[in-house]
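In the working numbering, the protein residues as written are 924 to 1199. Written below as structure tokens is the structure these notes are about.
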Amino acid sequence: MESKSESSEWGSGVWAHLTTVRQRSPLVQCITNFVSMDLVANTLLSAGASPAMVHSVVEIPDFTPHIHALCVNVGTLTPDWLPSMKSAAELASKLGKPWVLDPAAVSCSGFRLKSCLELVELKPTVIKGNGSEIIALSSASPGQTRGADSSHESTDAIEAAKSLAFSSGAIVAVSGAVDIVTDGKRVIGVHNGTKMMQKITATGCSLAGLIAAFLAVDQLQPLEATVSAMSVFGIAGELGEAMSKGPASLRMHLIDSLYGLDETMVLSRVNITRLG
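Shown next, in the form of structure tokens:
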């Protein structure tokens, strides 16, 4: 059950994180897939951050030292892109910059699973995936999933998420009907969002980018920053759905709602609880 007092305790932090992103406009490098580039960039812009879709391995030594956070999404992974991802992640870790790994469809091939496991070795600050992706990555074995859709509920992946958090040192975020965030000990549930968001490609990728932006302004509290980003994105989805006629208009209204979020909207809609 939702605890109003619990949500209100989180609410001020969620609003503070969003306000800080808008004030500082952190530069977020996104090495993401072809399907998601447009929505990831627009999500970051509407939240107040500054996206940079820089994925050439040649540019990383010059560019990555200047970023505030990195987001790596393996959705349309190729052997040509993997060195860029590794190079950027390695440099971000070395320079103490937060980075997010989104192991999209990790279990659909041996190449993808091996690549994601190698990226986990480079110490992501946050690993964000759906239930099936987190279970596959935690067990280091292919699952039944073929593609980016999850065959597990987020709550099915709580133990796998805690285990992955312990083994990797990362905060693990599991997207789903209830978003789960854990550091291996604490387990937080984010109950914001709407089912129709699953009908828009790249919403999960965009959420990973938003998490990176929130990490950029609060590196010392990665769990709290991740929870805030997931709540903000979910609230924007709720507001967007109320104005939409279907997935296409929800996509537009999601971006508008994220841009227009104010303190009253955030504080009245935050729905976050401690699950463990």
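All C-beta atoms, glycine included, are put in the ideal place defined by N, C-alpha and C.
Exposure label - residue i; buried when at least 16 CB within 10 Å
{"i": "P1021", "result": "buried"}
{"i": "R1035", "result": "buried"}
{"i": "T1149", "result": "buried"}
{"i": "T1187", "result": "exposed"}
{"i": "A1171", "result": "exposed"}
{"i": "H991", "result": "buried"}
{"i": "M924", "result": "No answer about M924 holds up, because its pLDDT of 41 lies below 50 and its placement is not dependable."}
{"i": "S1055", "result": "buried"}
{"i": "P1047", "result": "buried"}
{"i": "T1001", "result": "exposed"}
{"i": "M1166", "result": "exposed"}
{"i": "M976", "result": "exposed"}
{"i": "E1147", "result": "buried"}
{"i": "L1173", "result": "buried"}
{"i": "P984", "result": "exposed"}
{"i": "S1191", "result": "exposed"}
{"i": "A964", "result": "buried"}
{"i": "E1164", "result": "buried"}
{"i": "S931", "result": "exposed"}
{"i": "D1185", "result": "exposed"}
{"i": "D1003", "result": "exposed"}
{"i": "G1199", "result": "exposed"}
{"i": "R1069", "result": "The predicted model places R1069 with a pLDDT of 45, which falls under 50 and marks its position as unreliable; any figure quoted below should be read in that light. That one is exposed."}
{"i": "S1098", "result": "buried"}
{"i": "G934", "result": "buried"}
{"i": "G1127", "result": "buried"}
{"i": "G1183", "result": "exposed"}
{"i": "G1169", "result": "exposed"}
{"i": "A1100", "result": "exposed"}
For residue i, the nearest candidate out of the options (CA to CA)
{"i": "C953", "options": "V980, L941 and I1111", "result": "V980"}
{"i": "S1086", "options": "R1109, P1002, S1098 and A1100", "result": "R1109"}
{"i": "P988", "options": "L1014, S1030, A975 and D961", "result": "L1014"}
{"i": "S1038", "options": "P1006, G1019 and K1017", "result": "P1006"}
{"i": "L1133", "options": "T966, T955 and M960", "result": "T966"}
{"i": "L962", "options": "Q1144, M1175 and R1197", "result": "M1175"}
{"i": "D1102", "options": "S1077, M1008, S1129 and Y1182", "result": "S1077"}
{"i": "A1152", "options": "E1164, V1104 and I1123", "result": "V1104"}
{"i": "V951", "options": "A1011, Q1144 and S1191", "result": "A1011"}
{"i": "E1044", "options": "M1008, A1028, C1031 and S1032", "result": "M1008"}
{"i": "Q1144", "options": "P1026, A1084, V937 and S931", "result": "V937"}
{"i": "A1063", "options": "D1106, W1004 and E1041", "result": "E1041"}
{"i": "H940", "options": "A1059, V1189 and K1168", "result": "V1189"}
{"i": "F957", "options": "L1162, S1180, S1129 and L1198", "result": "S1129"}
{"i": "T955", "options": "A1027, A1083, I1178 and G1116", "result": "A1027"}
{"i": "M960", "options": "V1193, E929 and A1131", "result": "A1131"}
{"i": "A1084", "options": "L1181, S1061, R945 and V1113", "result": "S1061"}
{"i": "S1154", "options": "S1016, L1181 and T1124", "result": "L1181"}
{"i": "D1179", "options": "E929, A1088 and L1162", "result": "L1162"}
{"i": "G1107", "options": "E929, A1080, T1124 and L1024", "result": "A1080"}
{"i": "G1019", "options": "V1193, N1194 and D1141", "result": "D1141"}
{"i": "S1032", "options": "V1023, G1199, V1193 and T999", "result": "T999"}
{"i": "T1196", "options": "L968, I1111 and V1023", "result": "I1111"}
{"i": "T1124", "options": "S935, I1057 and L1177", "result": "L1177"}
{"i": "L968", "options": "S948, E982 and F986", "result": "S948"}
Identity of the residues DSSP links to residue i by a beta bridge
{"i": "P974", "result": "V951"}
{"i": "R1197", "result": "I1111"}
{"i": "L1022", "result": "For clarity, residue 1022 is Trp in the given sequence; the question names Leu instead. L993."}
{"i": "A1096", "result": "K1051 and V1104"}
Any non-hydrogen atom of the ligand MN within 8 Å of residue i CB
{"i": "V1043", "result": "Absence of the ligand MN from the depicted structure is noted, as is the absence of any ligand whatsoever, leaving it without description."}
- Report the residue ranges of all alpha helix (DSSP H) runs contained in full by the segment 1102 to 1183; include only those spanning at least 4 residues, in chain order. If we require 4 residues or more, the alpha helix (DSSP H) runs fully inside the segment 1102 to 1183 come out as 1126 to 1140, 1145 to 1166 and 1170 to 1183.
- Query: For the segment 1154 to 1161 against the segment 978 to 995, are there 3 or more C-beta pairs whose distance is under 8 Å?
  - Reply: Judged by pairs of C-beta atoms under 8 Å, the segment 1154 to 1161 does not touch the segment 978 to 995, as fewer than three such pairs exist.
- Taking contact to mean at least 3 C-beta pairs separated by less than 8 Å, is the segment 1080 to 1094 in contact with the segment 1039 to 1054? As far as the Cβ criterion goes, the segment 1080 to 1094 touches the segment 1039 to 1054, which means the pair count is three or higher.
- Query: Three or more C-beta pairs closer than 8 Å, one from the segment 967 to 978 and one from the segment 1126 to 1145: is that the case here?
  - Reply: Short answer: they touch.
- Query: Can you give, in chain order, each stretch of the beta strand (DSSP E) that sits fully within the segment 1034 to 1067 and has at least 3 residues?
  - Reply: DSSP runs (the beta strand (DSSP E)) wholly in the segment 1034 to 1067: 1049 to 1053.
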